[in-house]
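First comes the structure, then the notes that go with it.
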Amino acid sequence: PTTSTTMNGRGSLKWILIILLVIFCIGLASQYLHTLVFYYRVITSENESLEDVVLSRQLLNPERLGKCGPIHHSRIRKTTKNQIKSNQNINASQECIHIVTSATKSYLTALLASINSIQQHTTRTVFFHVVTTTEDLPLFKSILPEHSLSPLEVIEFKDTRLRPLIRVWENDRYQVYYNTINYARFYMPIFLPDVSEVIYIDPDTIVMGDVGDLIEIFTRREDERRIYLAAVESRTTKTHPKSFYCFLVNCDDPEISKLITENNKFFNAGVFVTDLQRWREENVTEQLEYWMRENTKRPLYIWGSQAPLSLVFYNRWLQLPF
3 PTTSTTMNGR
13 GSLKWILIIL
23 LVIFCIGLAS
33 QYLHTLVFYY
43 RVITSENESL
53 EDVVLSRQLL
63 NPERLGKCGP
73 IHHSRIRKTT
83 KNQIKSNQNI
93 NASQECIHIV
103 TSATKSYLTA
113 LLASINSIQQ
123 HTTRTVFFHV
133 VTTTEDLPLF
143 KSILPEHSLS
153 PLEVIEFKDT
163 RLRPLIRVWE
173 NDRYQVYYNT
183 INYARFYMPI
193 FLPDVSEVIY
203 IDPDTIVMGD
213 VGDLIEIFTR
223 REDERRIYLA
233 AVESRTTKTH
243 PKSFYCFLVN
253 CDDPEISKLI
263 TENNKFFNAG
273 VFVTDLQRWR
283 EENVTEQLEY
293 WMRENTKRPL
303 YIWGSQAPLS
313 LVFYNRWLQL
323 PF
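The working numbering puts the last residue of the sequence shown at 324; the count rises by one with no breaks.
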């Protein structure tokens, strides 16, 4: 009986080990398959046309276009992607200030406060371009017209090209940086094919001055060929304990070390003025996607949309005096 019991115990142990080995192999295979699928999506994302990021656009209050009409209204009336074409002869109107913001429904209240603050402090005509998701589009279309005295359009953003390019290596706000709407600003030349100077503003920003002043400072800049973005310098805060490049990006990476020659402070990408015509000439959107794609292969930076913008505009931005 003792020998039989011992053999049964060894047999049970053998099966336990086999089961554990099978579970381990399944887990390993699953992880390997997940990695393959991830990189397949990264590679195939390039097959989608940049123009496909715009699913639709709708002007919510056409009667308020005013001085903004000649610049942009012809592009709004059509919603098909065939209408989203770049125009190489673009002249910005100083009488119409184009503001881009992107938000989901969780930021709707903050967005309404932001729009209201801009309208209260700006003397010139402002045109709001609000980028949102397919899911939140109906809500935005129903709420925003009641709160905007300025022309406002809603742009439906398709994120299938962008989504595979997001990889967050380590951060305590992990899920926040996987929200694709945070990266929608990368596609502003596609959203506004006939616009040059534009202001991007995060939806949770309260504006206490005339945004027209930002455009005026930007248009008076020196070295226009090299400098085509203006923003405030990033400041040290509780959530941003350091504001130097080598905190934001991996300066030990050989490719980044060739680019970042000085550990300067980077700019705050929550509010900036830029020239979309220069974006088109320099293929800035493609450059931003390049850094995101490289970051899927090796850890190049922390956070989300801030780092790619900081890399592309290294030594190409003007510090605003605020």
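Just so you know, even glycine gets a beta-carbon here, dropped at the ideal spot from N, CA and C.
Source: prediction; values computed, not measured.
Classification of residue i by the beta-carbon crowding that lies within 10 angstroms, buried from 16 upward
i      : result
Ile18  : exposed
Met210 : exposed
Ser144 : exposed
Leu141 : exposed
Ser236 : buried
Cys70  : buried
Arg59  : buried
Thr263 : exposed
Thr182 : buried
Leu22  : exposed
Pro2   : The structure shown does not extend to residue 2, since the chain spans only 3 to 324, so no value can be given for it.
Ser259 : exposed
Glu257 : exposed
Ser14  : exposed
Lys80  : Only weak support exists for where Lys80 lies, its pLDDT of 41 falling under 50; the value from the coordinates is given anyway. Label assigned to Lys80: exposed.
Ile117 : buried
Ile25  : exposed
Ile28  : exposed
Ile120 : buried
Lys16  : exposed
Ala94  : Below a pLDDT of 50, predicted positions are generally treated as unreliable, and Ala94, at 42, falls in that range; no measurement from the model is reported.
Integer-rounded CB distance, given that residue j should sit under 8 Å from residue i
i      : j      : result
Val128 : Ile99  : 5 Å
Ala2   : Ile219 : The displayed coordinates of the chain run from 3 to 324. Any statement about residue 2 would go beyond what the structure contains.
Tyr185 : Ser307 : 5 Å
Arg163 : Glu50  : 4 Å
Thr106 : Thr135 : 6 Å
Val234 : Gln321 : 7 Å
Phe130 : Leu154 : 4 Å
Pro205 : Ala112 : 5 Å
Leu250 : Arg318 : With a Cβ gap of about 16 Å, Leu250 and Arg318 do not count as contacting.
Tyr247 : Asn265 : 5 Å
Val132 : Tyr202 : No, Val132 and Tyr202 are not in contact; Cβ-Cβ is about 12 Å, not under 8 Å.
Leu261 : Tyr179 : Not a contact, Cβ separation roughly 22 Å.
Ile192 : Val55  : 6 Å
Val275 : Met190 : With 8 Å as the limit, Val275 and Met190 do not qualify as a contact, their Cβ atoms being about 12 Å apart.
Glu158 : Leu139 : 5 Å
Thr160 : Leu57  : Looking at the sequence shown, residue 160 is not Thr but Lys. Contact flag correct, Cβ pair sits at about 5 Å.
Residues that residue i bridges to, as DSSP identifies them
i      : result
Gln60  : Val156
Ile203 : Val273
Gln321 : Ala233
Tyr303 : Val251
Ile101 : Phe130, Ile201
Distance cut-off 7 Å: residue i Cβ against heavy atoms of the ligand GTP
i      : result
Asp277 : Because no ligand of any kind appears in the structure shown, any question about the ligand GTP cannot be addressed here.
(message) Which complete beta strand (DSSP E) runs does the stretch 164 to 201 hold, if anything under 3 residues is left out?
(response) none
(request) Report yes or no: do three or more beta-carbon pairs, one from the stretch 290 to 305 and one from the stretch 226 to 235, lie closer than 8 Å? (result) no
(request) Pair every Cβ in the stretch 144 to 157 with every Cβ in the stretch 61 to 72, then say whether three or more of these pairs are closer than 8 Å. (result) Contact between the stretch 144 to 157 and the stretch 61 to 72 is present: three or more C-beta pairs spanning the two stretches fall below 8 Å.
(request) Entirely within the stretch 276 to 300 and at least 4 residues each: give me those alpha helix (DSSP H) ranges in chain order. (result) Along the length of the stretch 276 to 300, whole alpha helix (DSSP H) runs at least 4 residues long occupy 278 to 284, 286 to 299, reported in chain order.
(request) Kindly provide the ranges of any beta strand (DSSP E) runs that are 3 or more residues long and lie completely inside the stretch 125 to 167, ordered along the chain. (result) 127 to 134, 154 to 159
(request) Specify whether the stretch 286 to 295 and the stretch 261 to 275 touch according to this definition: at least 3 beta carbon pairs, one from each stretch, less than 8 Å apart. (result) no
(request) Count the C-beta pairs between the stretch 275 to 285 and the stretch 189 to 207 that are closer than 8 Å, then say yes if the count reaches three, no if not. (result) yes
(message) In chain order, what are the residue ranges of uninterrupted alpha helix (DSSP H) at least 4 long that sit wholly in the stretch 210 to 270?
(response) 214 to 221, 247 to 250, 256 to 261
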